[in-house]
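Residue numbers (my numbering): 2 to 397.
Note that beta-carbon positions come from the ideal geometry of N, C-alpha and C, so glycine has one too.
Below is one structure, written out as structure tokens, with a few remarks after it.
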Amino acid sequence: MAGTTHLFIPGPTNIPENVRQSMNLAMEDMRAPDFPEFTLPLFEDLKKVFSLTDGRVFLFPSSGTGAWEAAITNVLSPGDRVLISRFGQFSHLWVDMCERLGLDVDVIDVPWGEGVPVREYAKRLAADTEGKIKAVFACHNETATGVCSDIAEIRAVLDEAYHPALLFVDGVSSVASVDFRMDEWGVDLAVSGSQKGFMLPAGLGILAVSQKALDASKFSQYRKCYFDFADMIATNDQGYFPYTPATQLLRGLRTSLDTLFAEGLGNVYARHNHIAEGVRQAVQGWGLELCAADPKWYSDTVSAICVPDGFDSANVVKTAYHRYQLSLGVGLSKVAGKVFRIGHLGSTNEVMVLAAIAGAEMAMRDVGIPIEAGSGVAAAQEFYRLNNRIELARAS
Ligand SMILES: *Cc1c(COP(=O)(O)O)cnc(C)c1O
Numbered sequence: 002m003a004g005t006t007h008l009f010i011p012g013p014t015n016i017p018e019n020v021r022q023s024m025n026l027a028m029e030d031m032r033a034p035d036f037p038e039f040t041l042p043l044f045e046d047l048k049k050v051f052s053l054t055d056g057r058v059f060l061f062p063s064s065g066t067g068a069w070e071a072a073i074t075n076v077l078s079p080g081d082r083v084l085i086s087r088f089g090q091f092s093h094l095w096v097d098m099c100e101r102l103g104l105d106v107d108v109i110d111v112p113w114g115e116g117v118p119v120r121e122y123a124k125r126l127a128a129d130t131e132g133k134i135k136a137v138f139a140c141h142n143e144t145a146t147g148v149c150s151d152i153a154e155i156r157a158v159l160d161e162a163y164h165p166a167l168l169f170v171d172g173v174s175s176v177a178s179v180d181f182r183m184d185e186w187g188v189d190l191a192v193s194g195s196q197k198g199f200m201l202p203a204g205l206g207i208l209a210v211s212q213k214a215l216d217a218s219k220f221s222q223y224r225k226c227y228f229d230f231a232d233m234i235a236t237n238d239q240g241y242f243p244y245t246p247a248t249q250l251l252r253g254l255r256t257s258l259d260t261l262f263a264e265g266l267g268n269v270y271a272r273h274n275h276i277a278e279g280v281r282q283a284v285q286g287w288g289l290e291l292c293a294a295d296p297k298w299y300s301d302t303v304s305a306i307c308v309p310d311g312f313d314s315a316n317v318v319k320t321a322y323h324r325y326q327l328s329l330g331v332g333l334s335k336v337a338g339k340v341f342r343i344g345h346l347g348s349t350n351e352v353m354v355l356a357a358i359a360g361a362e363m364a365m366r367d368v369g370i371p372i373e374a375g376s377g378v379a380a381a382q383e384f385y386r387l388n389n390r391i392e393l394a395r396a397s
């Protein structure tokens with residue numbers, strides 16, 4: 002096949018060439034005397050992406066799901082009451098994990114397209130005068146629906162209720178793409194993975210943990226071994242790991258962090274917002290709706306776009322793939338057939354995303370969705386042209 006297949010799913014994301022090259026190196030000794038000179042600064046620099054000063058990060062050889070499990074089994078105990086909400090496939094899977102791990106799960110179901118029900122959290126926290134709720138869970142960016150919730154609001158309702166529950170946040174599709182402030186928001190456990198904002202292959206479960214959560218971990222009654230914080234801490238403190246680390250991925254992470262810092266995290270977040278806004282303009286140009294029910298929930302990393310009634314979004318995705326070498330995200334679970342997704346996180350820019358918009362537009366027309374040829378592309382082009390990110394940055 003000539004050219005590249007365009008990858009516009011919300012993870013794995015496109016890997017920048019310098020990151021990919023940096024992983025092409027000979028195998029190395031993970032017990033080498035100078036290995037800590039590489040790993041210790043890596044841990045410290047990774048904390049910067051979470052805006053975490055105290056506490057620590059863990060890098061498990063797993064996907065993001067492994068980091069979810071590590072978060073739960075290291076600081077909670079079986080039977081602990083937790084408050085969580087479900088409004089998409091990823092928040093659903095975290096609920097499912099909580100249930101399967103034997104937590105006492107208070108789940109609030111919310112229509113898909115909405116975000117964390119903060120007022121409902123406030124009510125339940127206020128009603129919990131005995132402090133039974135040990136942890137509050139929030140999916141920061143629901144990748145299935147393109148919904149981003151405000152974590153600061155959740156911290157505010159915890160504080161209003163003077164509630165001591167730990168705050169767990171799924172940041173798999175937000176961290177390193179969207180502003181994330183662990184210290185300021187009082188997030189205790191933030192879960193991420195390597196294959197989204199960090200622009201790496203899948204394989205690193207990334208977990209950032211506050212000092213409060215580390216203290217709580219001493220009282221956890223869960224059995225664990227592979228994911229045990231204590232084993233990680235004992236070896237990580239010396240710059241090593243309790244088992245063979247994914248050294249290539251760690252080298253890639255080093256380059257990924259260097260690349261993010263060279264652009265500046267603030268610029269990275271602004272770029273994601275800007276690219277996303279162009280996609281939203283395209284959706285408007287098509288006369289279609291986002292799955293996200295309110296602008297306050299619009300995600301800067303993924304847009305889930307509703308196809309009109311009577312059409313199957315899976316056909317759009319298949320057509321884009323077979324006819325145009327373009328991978329778009331399918332609708333998952335409850336929104337299967339109803340939405341397709343454009344992932345616009347990681348190493349992307351305007352013209353790259355225009356390719357995805359153009360391909361989606363062609364595929365939609367191919368399956369008979371009545372949109373005007375060029376309408377989405379034109380809307381995005383004009384937005385990018387009139388608000389040029391590079392010139393605006395130069396002028397300021
Ligand atoms: C991708 C994703 C996950 C799952 O991560 P894996 O690396 O596939 O295990 C969890 N939560 C969110 C919000 C995601 O986008």
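Which term fits LEU387, buried or exposed, when burial requires 16 or more other beta carbons within 10 angstroms of its beta carbon?
Against the sequence shown, residue 387 aligns to sequence position 386. Exposed, because fewer than 16 other Cβ atoms sit within 10 Å of the Cβ of LEU387.
Please state the DSSP three-state secondary structure of GLU143.
Position 142 of the sequence shown, counted from the first residue, corresponds to residue 143. Correct three-state label for GLU143: strand.
At which residues does the beta strand (DSSP E) containing ARG82 begin and terminate?
As a first step, residue 82 is located in the sequence shown; it is residue number 81 there, counting from the start. 82-87 is the extent of the beta strand (DSSP E) around ARG82.
Following a CB-centred definition, is GLU115 positioned closer than 7 angstroms to any heavy atom of ligand 1?
Residue 115 sits at position 114 when you count from the first residue of the sequence shown. For ligand 1, not one heavy atom lies less than 7 angstroms from the Cβ of GLU115.
Expressed to the nearest angstrom, what Euclidean distance is found between the alpha-carbon atoms of ALA191 and GLY330?
Here the question's residue 191 lines up with position 190 in the sequence shown. Here the question's residue 330 lines up with position 329 in the sequence shown. About 24 angstroms.
For TYR1, name the three-state secondary structure that DSSP assigns.
Look at the range of the chain in this structure, 2 to 397, and you will see that residue 1 is not part of it.
Hey, would you say the C-beta of CYS307 is under 7 angstroms away from at least one heavy atom of ligand 1?
Translated into positions along the sequence shown, residue 307 becomes position 306. CYS307: no, Cβ never under 7 angstroms from ligand 1.
For HIS93, does the three-state DSSP call read helix, strand or coil?
Position 92 of the sequence shown, counted from the first residue, corresponds to residue 93. Three-state DSSP puts HIS93 in a helix.
Around the Cβ of ALA3, are there at least 16 other Cβ atoms within 10 angstroms (buried) or fewer (exposed)?
Here residue 3 is taken as the residue at index 2 of the sequence shown, counted from 1. Taking all protein chains shown into account, ALA3 has fewer than 16 neighbouring C-beta atoms within 10 Å of its C-beta and is therefore exposed.
Could you give the residue range of the beta strand (DSSP E) that holds ARG125?
Numbered from its first residue, the sequence shown carries residue 125 at position 124. Element bounds for ARG125: not the beta strand (DSSP E) but the alpha helix (DSSP H), 119-128.
Pick helix, strand or coil for ASP110, following the three-state DSSP scheme.
Counting from 1 along the sequence shown, the entry for residue 110 is found at position 109. Strand.
Strand pairing of GLY330, partner residues [DSSP]:
On the sequence shown, position 329 is the one that residue 330 refers to. Bridge partners of GLY330: ARG342.
Mind checking who ALA235 pairs with in its DSSP beta bridge?
The residue you call residue 235 lines up with position 234 of the sequence shown. Bridge partners of ALA235: none, in fact.
Heavy atom of ligand 1 less than 7 angstroms from the Cβ of ALA203, yes or no?
The residue given as residue 203 occupies position 202 in the sequence shown. Because some heavy atom of ligand 1 lies under 7 angstroms away, the Cβ of ALA203 counts as near it: yes.
Helix, strand or coil at ALA219 [DSSP, three-state]:
Sequence index remark: in the sequence shown, residue 219 carries index 218 (1-based). Going by the sequence as given, residue 219 is Lys instead of Ala. In the structure shown, LYS219 sits in coil (DSSP, three-state: anything other than H, G, I, E or B).
I need the straight-line Cα distance from LEU159 to ALA123, nearest angstrom please.
Taking the sequence shown and counting its residues from 1, the one referred to as residue 159 is at position 158. Taking the sequence shown and counting its residues from 1, the one referred to as residue 123 is at position 122. In this model, LEU159 and ALA123 are separated by some 7 angstroms (Cα to Cα).
Please name the residue or residues paired with VAL192 in a DSSP beta bridge.
Within the sequence shown, numbered from 1, the residue matching residue 192 stands at position 191. In the DSSP output, where bridge partners are listed per residue, VAL192 has ASP171 and LEU208.
Which whole-angstrom value is the C-beta distance of GLY347 and MET200, which I expect to be below 8 angstroms?
Counted from its first residue, the sequence shown places residue 347 at position 346. Counted from its first residue, the sequence shown places residue 200 at position 199. Contact holds; Cβ gap of about 5 angstroms.
Within 8 angstroms, do at least three Cβ pairs link the region 22-41 to the region 248-255?
Between the region 248-255 and the region 22-41 there are three or more C-beta pairs closer than 8 angstroms, enough to call the two in contact.
Between the Cα of ILE391 and the Cα atoms of ALA379, VAL368 and ASN350, which residue gives the shortest distance?
Here residue 391 refers to the residue found at position 390 of the sequence shown. It is ASN350 whose Cα lies nearest to the Cα of ILE391.
Assuming SER23 is part of the alpha helix (DSSP H), what are its boundary residues?
The residue labelled residue 23 in the question sits at position 22 within the sequence shown. Segment 18-23, the alpha helix (DSSP H) holding SER23.
GLU351 in three-state terms, based on DSSP
As a position in the sequence shown, residue 351 is number 350, starting the count at 1. GLU351 falls in the helix class under three-state DSSP.
With distances taken Cα to Cα, identify the nearest neighbour of ASP151 among CYS226, PRO34 and SER300.
On the sequence shown, residue 151 is found 150 positions in, with the first residue counted as 1. Nearest of CYS226, PRO34 and SER300 to ASP151, Cα basis: SER300.
Tell me, to the nearest whole angstrom, how far the beta carbon of PHE169 is from that of VAL137; I am working on the premise that it is less than 8 angstroms.
The residue labelled residue 169 in the question sits at position 168 within the sequence shown. The residue labelled residue 137 in the question sits at position 136 within the sequence shown. Your pair PHE169 and VAL137 checks out as a contact, with CB atoms roughly 7 angstroms apart and the cut at 8 angstroms.
Using only the alpha-carbon positions, how far apart do ALA305 and SER174 sit?
For the purposes of this step, residue 305 is taken as residue 304 along the sequence shown, with counting starting at 1. For the purposes of this step, residue 174 is taken as residue 173 along the sequence shown, with counting starting at 1. Near 14 angstroms, if we compare the C-alpha coordinates of SER174 and ALA305.
Does the region 174-186 come close enough to the region 50-63 to have 3 or more Cβ pairs within less than 8 angstroms?
Segments in contact, yes.
If you run the structure through DSSP and keep just helix, strand and coil, what is LEU102?
On the sequence shown, residue 102 is found 101 positions in, with the first residue counted as 1. Looking at LEU102 - three-state DSSP - the assignment turns out to be coil, as it is neither helix nor strand.
In its own chain, which residues sit with a C-beta less than 7 angstroms from the C-beta of VAL119, not counting the 5 before and 5 after it?
The sequence position of residue 119 within the sequence shown is 118, counting from 1. In the same chain as VAL119, and ignoring 5 residues on each side of it, the C-beta atoms closer than 7 angstroms to its own belong to GLU154, ILE155 and VAL158, in chain order.
Please report the distance separating the alpha-carbon of GLU143 from that of GLY198.
In the sequence shown, residue 143 corresponds to position 142, counting from 1. In the sequence shown, residue 198 corresponds to position 197, counting from 1. Whole-angstrom Cα-Cα distance: 14 angstroms.
Could you check how far apart the C-beta atoms of GLY338 and ASP313 are, in whole angstroms? I think they sit under 8 angstroms.
Looking up residue 338 in the sequence shown gives position 337. Looking up residue 313 in the sequence shown gives position 312. Sure, about 5 angstroms apart at Cβ, within 8 angstroms.
Taking the continuous beta strand (DSSP E) assigned at LEU8, which residues delimit it?
Looking up residue 8 in the sequence shown gives position 7. Its beta strand (DSSP E) spans residues 7-9.
Would you be able to state if there are at least three C-beta pairs under 8 angstroms between the region 61-68 and the region 123-134?
No: fewer than three Cβ pairs fall under 8 angstroms.
Do MET233 and PHE39 count as a contact pair if the criterion is CB distance below 8 angstroms?
Numbered from 1 along the sequence shown, position 38 holds the residue referred to as residue 39. Numbered from 1 along the sequence shown, position 232 holds the residue referred to as residue 233. Contact: no.
Buried or exposed: VAL188, going by 16 or more other Cβ atoms within 10 Å of its Cβ?
The residue you call residue 188 lines up with position 187 of the sequence shown. Classification for VAL188: buried.
Pair within 8 angstroms by beta-carbon distance, ALA283 and ALA380:
The count along the sequence shown starts at 1 and reaches residue 283 at position 282. The count along the sequence shown starts at 1 and reaches residue 380 at position 379. Cβ distance < 8 angstroms, so ALA283 and ALA380 count as in contact.
Helix, strand or coil at LEU159 [DSSP, three-state]
Position 158 of the sequence shown, counted from the start, is the residue given in the question as residue 159. LEU159: helix per DSSP, three-state reduction.
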